[in-house]
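One structure below.
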Amino acid sequence: MRVLLAAFAIFITGCATVDPARVRLVVEPVTQVCGASDREAPIRISVHNDSRAKLRIWIDPELRQPPYNLSWLSYQVLDDSGATDWEHGPGGHGPMPPDTLSIGPGDSVEVEGSLYSLAPADYAKTFKIQFNDLDDHTFVSSPFKACMPQ
Numbered sequence: 038m039r040v041l042l043a044a045f046a047i048f049i050t051g052c053a054t055v056d057p058a059r060v061r062l063v064v065e066p067v068t069q070v071c072g073a074s075d076r077e078a079p080i081r082i083s084v085h086n087d088s089r090a091k092l093r094i095w096i097d098p099e100l101r102q103p104p105y106n107l108s109w110l111s112y113q114v115l116d117d118s119g120a121t122d123w124e125h126g127p128g129g130h131g132p133m134p135p136d137t138l139s140i141g142p143g144d145s146v147e148v149e150g151s152l153y154s155l156a157p158a159d160y161a162k163t164f165k166i167q168f169n170d171l172d173d174h175t176f177v178s179s180p181f182k183a184c185m186p187q
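Read in order, the letters of the sequence shown correspond to residues 38 to 187 in the numbering used here.
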């Protein structure tokens, strides 16, 4: 009977899905000074997976160590109200196939996204990063400013 219960527990664990309520995205404070570089503002996010299943997200295939770059095809930049606010993709080339990053239950990892072509009007805005995992769950980061005042 114990063997049957153990096998059932393993089966249930293997079939677990990510619980979006148990995944936290925390943006680290942005250290770039406003106006210092208006080309790109890197945004570093800690992803904490406290659910019972692997969280699988798309990353840029060029960087294979932390902090991993989110694939620019897989995230959106939102304003305070949750509306898409930013055209973040680096244009000029077609889609590249992304790699998959798996984050196991209880694990954390650092990822990065970017804001491109900042303008002075953007300095006071508050943004959020949103992305979907490969199971089509949606995750939204904590709010952040794109740069620090001078």
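Every residue gets a Cβ at the ideal spot worked out from N, C-alpha and C, and that includes glycine.
CB of residue i within 9 Å of CB of residue j, strictly
i           : j           : result
residue 116 : residue 182 : no
residue 138 : residue 78  : no
residue 80  : residue 149 : yes
residue 152 : residue 114 : yes
residue 144 : residue 106 : no
residue 111 : residue 135 : yes
Helix, strand or coil at residue i [DSSP, three-state]
i           : result
residue 161 : coil
residue 90  : coil
residue 78  : strand
Any C-beta of chain C under 9 Å from that of residue i
i          : result
residue 77 : Looking at the structure shown, chain C is missing, and only one protein chain is on hand.
Strand pairing of residue i, partner residues [DSSP]
i           : result
residue 151 : 79
For the stretch 94-125, which segments carrying the beta strand (DSSP E) assignment without a break, of at least 3 residues, lie completely within its bounds, in sequence order? 112-115, 121-123
Are the stretch 156-163 and the stretch 86-96 touching, with three or more C-beta to C-beta distances below 8 Å? no
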